[in-house]
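In the numbering used here, the protein residues as written are 43 to 327.
Below you can see the structure in the form of C-alpha coordinates.
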(Lines of atoms letter the chains of each structure in order from A and count residues from 1; the text may use other names and numbers.)
(Lines give C-alpha, C1' and ligand atoms only; values in the text may rest on other atoms or scores of the structure.)
Protein backbone atom coordinates (compact mmCIF):
# COMPACT_ATOMS: atom_id res chain seq x y z
CA UNK A 1 0.00 0.00 0.00
CA UNK A 2 2.88 2.36 0.67
CA UNK A 3 4.39 2.13 -2.76
CA UNK A 4 1.25 3.21 -4.66
CA UNK A 5 0.99 6.26 -2.35
CA UNK A 6 4.57 7.22 -3.11
CA UNK A 7 3.83 6.83 -6.78
CA UNK A 8 0.81 9.12 -6.51
CA UNK A 9 2.88 11.75 -4.66
CA UNK A 10 5.55 11.68 -7.34
CA UNK A 11 2.90 12.12 -9.99
CA UNK A 12 1.39 15.10 -8.12
CA UNK A 13 4.83 16.70 -7.74
CA UNK A 14 5.54 16.12 -11.38
CA UNK A 15 2.20 17.70 -12.31
CA UNK A 16 2.94 20.77 -10.17
CA UNK A 17 6.37 21.18 -11.67
CA UNK A 18 4.97 20.88 -15.15
CA UNK A 19 2.47 23.74 -14.52
CA UNK A 20 3.52 26.62 -16.83
CA UNK A 21 3.26 29.38 -14.16
CA UNK A 22 5.47 28.23 -11.33
CA UNK A 23 6.56 30.43 -8.39
CA UNK A 24 9.45 31.94 -10.31
CA UNK A 25 7.29 32.74 -13.32
CA UNK A 26 4.63 34.40 -11.17
CA UNK A 27 7.32 36.56 -9.55
CA UNK A 28 8.56 37.66 -12.95
CA UNK A 29 5.05 38.46 -14.11
CA UNK A 30 4.39 40.50 -10.97
CA UNK A 31 7.65 42.47 -11.25
CA UNK A 32 7.07 43.09 -14.93
CA UNK A 33 3.53 44.30 -14.34
CA UNK A 34 4.64 46.59 -11.48
CA UNK A 35 7.43 48.01 -13.62
CA UNK A 36 5.03 48.79 -16.44
CA UNK A 37 2.64 50.41 -13.98
CA UNK A 38 5.38 52.57 -12.46
CA UNK A 39 6.64 53.64 -15.89
CA UNK A 40 3.12 54.48 -16.98
CA UNK A 41 2.55 56.52 -13.82
CA UNK A 42 5.79 58.42 -14.31
CA UNK A 43 4.94 59.07 -17.94
CA UNK A 44 1.45 60.35 -17.12
CA UNK A 45 2.80 62.47 -14.27
CA UNK A 46 5.46 63.95 -16.54
CA UNK A 47 2.89 64.84 -19.17
CA UNK A 48 0.56 66.39 -16.62
CA UNK A 49 3.41 68.36 -15.05
CA UNK A 50 4.68 69.56 -18.41
CA UNK A 51 1.22 70.64 -19.45
CA UNK A 52 0.90 72.58 -16.20
CA UNK A 53 -2.01 70.65 -14.79
CA UNK A 54 -0.23 69.41 -11.65
CA UNK A 55 1.41 72.79 -10.82
CA UNK A 56 -1.98 74.41 -11.31
CA UNK A 57 -3.60 72.02 -8.87
CA UNK A 58 -0.83 72.60 -6.33
CA UNK A 59 -1.21 76.36 -6.70
CA UNK A 60 -4.96 76.11 -6.23
CA UNK A 61 -4.50 74.00 -3.13
CA UNK A 62 -2.03 76.53 -1.70
CA UNK A 63 -4.37 79.43 -2.49
CA UNK A 64 -7.24 77.65 -0.80
CA UNK A 65 -5.08 76.99 2.25
CA UNK A 66 -3.87 80.60 2.39
CA UNK A 67 -7.45 81.78 2.00
CA UNK A 68 -8.49 79.70 4.99
CA UNK A 69 -5.63 81.11 7.09
CA UNK A 70 -6.56 84.65 6.06
CA UNK A 71 -10.15 84.02 7.09
CA UNK A 72 -8.76 82.90 10.44
CA UNK A 73 -7.03 86.30 10.87
CA UNK A 74 -3.57 85.57 9.44
CA UNK A 75 -3.50 88.40 6.92
CA UNK A 76 -1.39 91.52 6.45
CA UNK A 77 -2.73 94.58 8.21
CA UNK A 78 0.40 96.68 8.66
CA UNK A 79 4.03 97.06 7.49
CA UNK A 80 6.54 98.24 10.08
CA UNK A 81 9.87 99.63 8.77
CA UNK A 82 12.79 100.64 11.00
CA UNK A 83 16.15 102.13 10.06
CA UNK A 84 14.87 103.99 7.00
CA UNK A 85 16.53 107.32 6.37
CA UNK A 86 17.26 107.87 2.69
CA UNK A 87 15.31 104.98 1.19
CA UNK A 88 11.86 105.99 0.00
CA UNK A 89 8.91 104.25 1.64
CA UNK A 90 7.21 103.77 -1.72
CA UNK A 91 10.26 101.89 -3.02
CA UNK A 92 10.15 99.51 -0.05
CA UNK A 93 6.43 98.81 -0.51
CA UNK A 94 7.00 98.14 -4.20
CA UNK A 95 9.68 95.58 -3.39
CA UNK A 96 7.52 93.95 -0.70
CA UNK A 97 4.69 93.62 -3.24
CA UNK A 98 2.09 93.05 -0.55
CA UNK A 99 -1.27 94.66 0.14
CA UNK A 100 -3.46 94.91 3.19
CA UNK A 101 -5.55 91.76 3.44
CA UNK A 102 -2.98 89.53 1.73
CA UNK A 103 -2.60 86.15 3.49
CA UNK A 104 0.52 86.66 5.57
CA UNK A 105 1.62 83.04 5.13
CA UNK A 106 1.71 83.58 1.36
CA UNK A 107 4.34 86.30 1.83
CA UNK A 108 7.98 85.20 1.42
CA UNK A 109 10.42 87.11 3.69
CA UNK A 110 13.41 85.59 1.88
CA UNK A 111 12.36 86.88 -1.53
CA UNK A 112 11.44 90.28 -0.10
CA UNK A 113 14.84 90.58 1.60
CA UNK A 114 16.69 90.05 -1.70
CA UNK A 115 14.49 92.58 -3.48
CA UNK A 116 14.88 95.25 -0.80
CA UNK A 117 18.66 94.80 -0.66
CA UNK A 118 18.75 95.66 -4.37
CA UNK A 119 17.67 99.23 -3.53
CA UNK A 120 20.54 101.76 -3.92
CA UNK A 121 20.76 102.94 -0.31
CA UNK A 122 20.11 99.58 1.38
CA UNK A 123 23.18 97.75 2.64
CA UNK A 124 21.37 95.04 4.58
CA UNK A 125 17.76 94.17 5.35
CA UNK A 126 15.90 91.94 7.79
CA UNK A 127 12.37 90.96 6.77
CA UNK A 128 10.06 89.01 9.06
CA UNK A 129 6.46 87.89 9.34
CA UNK A 130 5.17 88.87 12.75
CA UNK A 131 2.01 86.88 13.19
CA UNK A 132 -0.82 87.39 13.03
CA UNK A 133 -0.76 90.47 10.76
CA UNK A 134 2.51 92.50 10.59
CA UNK A 135 5.36 92.54 8.06
CA UNK A 136 8.50 93.83 9.83
CA UNK A 137 11.45 95.35 7.94
CA UNK A 138 14.70 96.56 9.50
CA UNK A 139 17.17 98.40 7.27
CA UNK A 140 20.87 99.11 7.56
CA UNK A 141 21.50 101.87 5.05
CA UNK A 142 24.76 102.73 3.35
CA UNK A 143 26.54 105.83 4.67
CA UNK A 144 27.94 108.30 2.12
CA UNK A 145 31.66 108.89 2.56
CA UNK A 146 32.86 111.12 -0.26
CA UNK A 147 32.32 112.38 -3.76
CA UNK A 148 34.44 110.59 -6.34
CA UNK A 149 35.31 112.36 -9.57
CA UNK A 150 35.93 109.99 -12.46
CA UNK A 151 35.91 110.94 -16.12
CA UNK A 152 34.49 114.34 -15.30
CA UNK A 153 31.50 112.79 -13.50
CA UNK A 154 30.83 112.92 -9.77
CA UNK A 155 29.67 109.82 -7.91
CA UNK A 156 28.67 109.34 -4.28
CA UNK A 157 30.60 106.49 -2.64
CA UNK A 158 29.91 104.72 0.65
CA UNK A 159 32.17 103.68 3.53
CA UNK A 160 33.39 100.64 1.56
CA UNK A 161 34.25 102.73 -1.48
CA UNK A 162 31.33 101.45 -3.55
CA UNK A 163 29.31 103.79 -5.74
CA UNK A 164 25.78 104.42 -4.51
CA UNK A 165 23.77 104.20 -7.70
CA UNK A 166 20.96 106.66 -8.39
CA UNK A 167 22.27 109.10 -5.76
CA UNK A 168 22.66 112.69 -6.91
CA UNK A 169 26.05 114.23 -6.19
CA UNK A 170 24.41 117.66 -6.08
CA UNK A 171 22.70 116.61 -2.84
CA UNK A 172 26.04 115.90 -1.15
CA UNK A 173 28.19 118.90 -1.95
CA UNK A 174 29.55 119.02 1.60
CA UNK A 175 31.23 115.64 1.24
CA UNK A 176 35.01 115.61 0.64
CA UNK A 177 36.14 115.19 -2.96
CA UNK A 178 38.54 112.49 -4.13
CA UNK A 179 39.95 112.00 -7.63
CA UNK A 180 41.63 109.02 -9.29
CA UNK A 181 40.68 105.62 -10.69
CA UNK A 182 41.57 103.73 -7.48
CA UNK A 183 40.76 106.55 -5.09
CA UNK A 184 37.54 104.98 -3.70
CA UNK A 185 39.34 101.91 -2.35
CA UNK A 186 41.75 104.20 -0.43
CA UNK A 187 39.26 106.92 0.49
CA UNK A 188 38.85 106.04 4.16
CA UNK A 189 42.57 106.12 4.87
CA UNK A 190 43.20 109.49 3.20
CA UNK A 191 40.15 111.08 4.83
CA UNK A 192 41.27 109.81 8.24
CA UNK A 193 44.69 111.33 7.56
CA UNK A 194 43.20 114.71 6.67
CA UNK A 195 40.96 114.70 9.74
CA UNK A 196 43.96 114.01 11.99
CA UNK A 197 44.83 117.72 11.61
CA UNK A 198 41.41 119.42 11.72
CA UNK A 199 42.63 122.99 11.20
CA UNK A 200 44.58 122.08 8.08
CA UNK A 201 42.06 119.49 6.96
CA UNK A 202 39.35 122.14 6.93
CA UNK A 203 41.18 123.86 4.08
CA UNK A 204 41.18 120.81 1.80
CA UNK A 205 39.29 121.02 -1.48
CA UNK A 206 40.19 117.63 -2.94
CA UNK A 207 42.48 114.62 -2.56
CA UNK A 208 43.97 113.41 -5.84
CA UNK A 209 45.36 109.90 -6.18
CA UNK A 210 48.63 109.86 -8.16
CA UNK A 211 49.70 106.76 -10.13
CA UNK A 212 47.97 104.48 -7.65
CA UNK A 213 50.76 105.10 -5.12
CA UNK A 214 50.34 108.38 -3.27
CA UNK A 215 48.19 111.52 -2.86
CA UNK A 216 48.27 115.18 -3.80
CA UNK A 217 46.09 117.41 -1.64
CA UNK A 218 44.49 120.45 -3.27
CA UNK A 219 43.69 123.25 -0.78
CA UNK A 220 40.91 125.79 -1.19
CA UNK A 221 43.54 128.46 -1.86
CA UNK A 222 44.75 126.53 -4.90
CA UNK A 223 47.93 125.25 -3.23
CA UNK A 224 48.91 121.66 -4.03
CA UNK A 225 50.45 119.58 -1.24
CA UNK A 226 52.41 116.56 -2.46
CA UNK A 227 52.38 113.72 0.06
CA UNK A 228 54.97 110.93 0.00
CA UNK A 229 54.16 107.32 -0.81
CA UNK A 230 55.49 106.12 2.56
CA UNK A 231 54.42 107.56 5.93
CA UNK A 232 52.05 110.23 4.55
CA UNK A 233 50.63 110.64 8.08
CA UNK A 234 53.99 111.84 9.44
CA UNK A 235 54.42 114.21 6.50
CA UNK A 236 50.95 115.70 6.99
CA UNK A 237 51.53 116.21 10.71
CA UNK A 238 54.92 117.78 9.96
CA UNK A 239 53.33 120.20 7.50
CA UNK A 240 50.61 121.11 10.01
CA UNK A 241 53.24 121.93 12.64
CA UNK A 242 55.27 124.08 10.23
CA UNK A 243 52.12 125.87 9.16
CA UNK A 244 51.20 126.66 12.77
CA UNK A 245 54.70 127.91 13.54
CA UNK A 246 55.54 129.81 10.35
CA UNK A 247 52.26 130.39 8.49
CA UNK A 248 53.58 128.98 5.21
CA UNK A 249 50.22 129.24 3.49
CA UNK A 250 50.01 132.97 4.19
CA UNK A 251 52.80 133.52 1.67
CA UNK A 252 52.74 133.45 -2.10
CA UNK A 253 52.85 129.62 -2.23
CA UNK A 254 51.54 127.45 -5.06
CA UNK A 255 53.05 124.07 -4.13
CA UNK A 256 54.25 122.27 -1.01
CA UNK A 257 56.44 119.21 -1.57
CA UNK A 258 56.56 116.74 1.34
CA UNK A 259 57.95 113.78 -0.59
CA UNK A 260 61.37 114.01 1.06
CA UNK A 261 61.37 112.79 4.64
CA UNK A 262 61.42 115.55 7.30
CA UNK A 263 61.75 118.21 4.62
CA UNK A 264 59.26 120.74 3.35
CA UNK A 265 59.89 122.43 0.03
CA UNK A 266 57.55 125.21 -1.06
CA UNK A 267 57.26 126.77 -4.48
CA UNK A 268 56.08 130.33 -4.90
CA UNK A 269 54.32 131.84 -7.89
CA UNK A 270 57.63 133.46 -8.90
CA UNK A 271 59.06 129.99 -9.50
CA UNK A 272 61.46 129.86 -6.57
CA UNK A 273 61.60 127.02 -4.08
CA UNK A 274 62.24 127.31 -0.38
CA UNK A 275 63.50 124.51 1.87
CA UNK A 276 62.53 125.26 5.48
CA UNK A 277 63.22 128.96 4.93
CA UNK A 278 66.42 128.54 2.91
CA UNK A 279 66.03 129.90 -0.62
CA UNK A 280 67.28 127.56 -3.33
CA UNK A 281 66.99 127.64 -7.08
CA UNK A 282 63.48 126.57 -8.03
CA UNK A 283 63.12 123.37 -9.96
CA UNK A 284 60.00 121.68 -11.17
CA UNK A 285 58.87 119.14 -8.59
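Where a beta carbon is used, it is the ideal one built from N, C-alpha and C, also for glycine. Computed from a prediction, not measured in an experiment: that's the story for all the values here.
Measure how close the beta-carbons of residue i and residue j come, nearest whole angstrom, since I'm counting them as under 8 Å.
i	j	result
residue 249	residue 257	5 Å
residue 176	residue 122	6 Å
residue 337	residue 203	It is not possible to answer for residue 337, since the shown part of the chain is limited to 43 through 327.
residue 145	residue 116	6 Å
residue 149	residue 168	Between residue 168 and residue 149 the Cβ distance is about 14 Å, and since that is not below 8 Å, they are no contact.
residue 261	residue 281	11 Å between Cβ atoms; not a contact.
residue 251	residue 224	6 Å
residue 294	residue 279	Contact doesn't hold; Cβ gap of about 24 Å is too wide.
residue 211	residue 197	7 Å
residue 245	residue 221	With a Cβ gap of about 17 Å, residue 245 and residue 221 do not count as contacting.
residue 255	residue 271	5 Å
residue 238	residue 275	7 Å
residue 172	residue 151	Not a contact, Cβ separation roughly 10 Å.
residue 230	residue 187	7 Å
Looking at the strands, I want to know which residues DSSP matches up with residue i.
i	result
residue 300	In DSSP, residue 300 forms no bridge with anything.
residue 295	310
residue 167	181
In terms of residue numbering, what span does the beta strand (DSSP E) encompassing residue i cover?
i	result
residue 309	307 to 310
Can you list the alpha helix (DSSP H) stretches of 4 or more residues lying completely in the region 227 to 285, in chain order?
The DSSP assignment places complete alpha helix (DSSP H) segments of no fewer than 4 residues inside the region 227 to 285 at 229 to 237 and 240 to 243, in order along the chain.
Segments assigned beta strand (DSSP E), at least 3 residues, entirely inside the region 169 to 234:
Entirely contained in the region 169 to 234, the beta strand (DSSP E) runs reaching 3 residues are, in chain order, 176 to 183, 186 to 192, 195 to 200 and 219 to 221.
At a cut of 8 Å, does the region 123 to 139 reach the region 181 to 200 through at least three beta carbon pairs?
yes
Continuous alpha helix (DSSP H) assignments of at least 4 residues falling wholly in the region 116 to 152
131 to 138
Are three or more beta carbon pairs between the region 284 to 302 and the region 266 to 274 nearer than 8 Å?
Look at the beta carbons and you see the region 284 to 302 touching the region 266 to 274: at least three pairs across the two are nearer than 8 Å.
At least three beta-carbon pairs within less than 8 Å, the region 137 to 147 to the region 155 to 175
yes
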